[in-house]
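Trainee:
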Amino acid sequence: MTTSYKGHKPPRRGDGQLPSRRAVLGGALGLAGGAAASTVARAAPEPAITDIPPWMRYLGDPVDAAPYGMPSEHEAHVVRRTVSWLTADNVSSINFTPLHDLDGIITPNGVCFERHHSGAAHVDPAQHRLMINGLVDTPLVFTMEDILRFPRENHVYFLECAANTGMEWRGAQLNGCQYTHGMIHNVMYTGVPLRLILEQAGVKTNGKWIMPEGADAAAMTRSIPIEKALDDCLVAFKMNGEALRVEQGYPLRLVVPGWEGNMWVKWLRRIEVGDEPWHHREETSKYTDLLENGKARRFTWEMDAKSVITNPSPQAPITHGPGHTVITGVAWSGRGTVPRVDVTIDGGKNWQEARMSGPSMDKSMHRFYFEFEWDGAPLLLQSRAHDSTGYVQPTKQQLRDWRGVNSIYHNNGIQTWYVDEDGVAENVEIS
Ligand SMILES: Nc1nc2c(c(=O)[nH]1)N[C@H]1C(S)=C(S)[C@@H](COP(=O)(O)O)O[C@H]1N2
Ligand SMILES: [Mo]
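Positions 5 to 435 (our numbering) are the ones given, in order, by the sequence shown.
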């Protein structure tokens, strides 16, 4: 099988953060497959199973060895990573979720990506307060103990930074789904509906917007319409059953389901009610899309449907050679569920429906799988999400036709991985 693609060998697992050449493929790949179903096992007997391993010869750790459990030492590579040239300092910074090392739909707390404008604040919950002020009948202040006396709810939601995949607007750049798509996490939140807290203070009839404020040195603020605040926003204190991590806003964060991550104010200390948006920095100079005609898209809150193949991908090559191969990835939509994801192995000539697996919840991540017989020829892998509103994930070129290339936000275009004969994957685009 031939292709016009000429590239270098991309870095192997673990060092994928080097920007790859902006590879563009003009080539045509035929459809792989057709091979007879192969066995995925090896012939018995084998010493690794017939010999007694060291860990069967001695007693294991006592139950008090790890009061707070950590992953196996063999999983030490499953970590958040930074991109050195992207983040000059590590305080106003970003790191990335290792999507290629995860499965299912829940992001473990220790690897949820972090985005801080002024570092992660260490807040004493005993001294922490949440104030509701502005256009309300009674300005109120709540302690953490007060918050825990409201009825609480549990919901699984994804949080995606609007800048996720932002480095790819002009062409394929970062070599790994951790770097191209890892500004997302998906956890179960326990929290109080913001509506109940606002109702206690009594929103005045001219109260049309809220402005949440963080207790970090950035004092992060955003304007959110009151309709959203009263609909499904949560004031959350737990993630995946345990207290929020410091990095995620301990002890209190705002959850704004389906909307861009910047609005999910961490270390939440104050919510002001107003009659118009505040036009703060994060909704004027940042988190807006400058179009070709000089106008900017603003208040683009909802995250459009998106998907990415996490395995194989540049940090997770196919190592087993040709034969039965499992492709997997994640999909999400800020407008609902993702009932369908299509996968192509030939750069979009033929699409096949992937198998969705796991709970399908509104504004949560979804997991898909696609199993096939790999004939060992190069692959051009893509996935395409369809959300519950009928919206279909666009190509990157469609996005550029609509919005130009000035923005770094809201890039939900279809991702392509080129996989060579050795199973090594690289971030490319198809022209
Ligand atoms: N107080 C405060 N809240 C904040 C931020 C911040 O810097 N300070 N960063 C925002 C941005 S830009 C994003 S994408 C999300 C990131 O949430 P995470 O750190 O849990 O991934 O938090 C948002 N909330
Ligand atoms: Mo963000």
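Beta carbons are placed, not taken as given, at the ideal position from N, Cα and C, and that holds for glycine. Quick caveat, the model's predicted, so the values are computed rather than measured.
#1: Can you tell me whether DSSP reads Ala-381 as helix, strand or coil?
#2: Going by beta carbon distance, what residues of the same chain come within less than 7 Å of Pro-197, once the five residues before and after it are set aside?
#3: From the DSSP output, in three-state form, read off Ala-309 for me.
#4: Closer than 7 Å: is that where the CB of Trp-268 sits relative to any heavy atom of ligand 1?
#5: List the residues that DSSP assigns as beta-bridge partners of Ala-389.
#6: If distances are taken between C-alpha atoms only, which option among Trp-282, Cys-165, Leu-202, Arg-344 comes closest to Trp-263?
#7: Give me, in chain order, the residues of the same chain whose beta-carbon lies closer than 6 Å to that of Leu-383; leave out the 5 immediate sequence neighbours on both sides.
#8: Check whether the Cβ atoms of Asn-244 and Met-192 lie closer than 8 Å to each other.
#9: Less than 8 Å between the C-beta atoms of Lys-208 and Pro-229, yes or no?
#10: Going by the CB atoms, is the gap between Leu-234 and Arg-257 shorter than 8 Å?
#11: If you draw a straight line from the alpha carbon of Val-334 to that of Pro-281, how long is it in whole angstroms?
#12: Just how far apart, CA to CA, sit Glu-50 and Pro-57?
#13: Determine the contact status of Thr-341 and Asp-366, defining contact as a CB-CB distance below 8 Å.
#14: Hey, could you find the ends of the alpha helix (DSSP H) Met-148 is sitting in?
#15: Following a CB-centred definition, is Arg-285 positioned closer than 7 Å to any heavy atom of ligand 2?
#16: Would a C-beta distance cut-off of 8 Å place Gly-325 and Gly-380 closer than the cut-off?
#17: Report the residue from His-120, Glu-296, Met-148, Leu-200 whose alpha carbon sits nearest the alpha carbon of Cys-236.
#18: Can you list, in chain order, the residues of its chain whose CB lies under 8 Å from that of Asn-113, leaving out five sequence neighbours each side?
#19: So, with DSSP's three-state summary, where would you put Asn-113?
#20: Quick check on DSSP: helix, strand or coil for Pro-58?
#21: On the DSSP bridge assignment, give the partners of Gln-356 in chain order.
#22: Can at least three beta-carbon pairs, one atom from the segment 68-86 and one from the segment 109-128, be found at a separation below 8 Å?
#23: Say the cut is 7 Å; is the CB of Lys-265 nearer than that to a heavy atom of ligand 2?
#24: Tell me Trp-263's beta-bridge partners as DSSP assigns them.
#25: Which same chain residues end up closer than 6 Å to Glu-118 when comparing Cβ atoms and leaving out the 5 residues on each side of it in sequence?
#26: Please go through the same chain and pick out, in chain order, the residues whose beta-carbon is closer than 8 Å to the beta-carbon of Thr-420, but skip the five residues on each side of it.
#27: Looking at Ala-389: is its Cβ nearer than 8 Å to the Cβ of Val-345?
#28: Out of curiosity, what's the CA-to-CA distance linking Asn-297 and Glu-77?
Mentor: Quick answer:
#1: The answer is coil: DSSP assigns Ala-381 none of H, G, I, E or B.
#2: For Pro-197, where only same-chain residues beyond five positions count, the Cβ hits under 7 Å are Glu-157, Leu-238.
#3: In the structure shown, Ala-309 sits in coil (DSSP, three-state: anything other than H, G, I, E or B).
#4: True, at least one ligand heavy atom lies under 7 Å from that Cβ.
#5: According to DSSP, Ala-389 bridges with Val-345.
#6: Looking only at Trp-282, Cys-165, Leu-202, Arg-344, the smallest Cα-Cα distance to Trp-263 is reached by Cys-165.
#7: Excluding sequence neighbours, Leu-383 sits near Ile-349, Val-423.
#8: It is a contact, given that the beta carbons lie within the stated cut-off.
#9: Between Lys-208 and Pro-229, the gap from beta carbon to beta carbon reaches 8 Å or more.
#10: Going by C-beta atoms, Arg-257 is not nearer than 8 Å to Leu-234.
#11: Going by the C-alpha atoms only, they are around 34 Å apart.
#12: Rounded to the nearest angstrom, the two C-alpha atoms are 12 Å apart.
#13: Cβ distance < 8 Å, so Thr-341 and Asp-366 count as in contact.
#14: Residue range 148-151 is occupied by the alpha helix (DSSP H) that includes Met-148.
#15: Between ligand 2 and Arg-285, a heavy atom-to-CB distance of less than 7 Å is absent.
#16: Gly-325 places its beta carbon less than 8 Å from that of Gly-380.
#17: Before going on, a small fix: residue 236 reads as Asp here, not Cys. It is Leu-200 whose Cα lies nearest to the Cα of Asp-236.
#18: These residues qualify, in order along the chain: Val-191, Met-243, Asn-244, Glu-246, Arg-249, Gln-252.
#19: When DSSP states are grouped into helix, strand and coil, Asn-113 belongs to the helix group.
#20: Of the three classes helix, strand and coil, the one that applies to Pro-58 here is helix, per DSSP.
#21: Gln-356 is bridged to Val-347.
#22: Cβ pair count under 8 Å is three or more, so yes.
#23: The question names Lys, but residue 265 in the sequence shown is Gly. Checking every heavy atom of ligand 2 against the Cβ of Gly-265, one is found closer than 7 Å.
#24: Residue pairing by DSSP puts Trp-263 in a beta bridge opposite Glu-306.
#25: So the list reads Asn-99, Glu-251, once near-sequence residues are dropped.
#26: Closer than 8 Å at Cβ, skipping near neighbours: Leu-29, Ala-176, Gly-351, Leu-384, Leu-385, Gln-386, Asn-431, Val-432, Glu-433, Ile-434.
#27: In this structure, Ala-389 sits near Val-345, with a CB-CB distance shorter than 8 Å.
#28: Whole-angstrom Cα-Cα distance: 53 Å.
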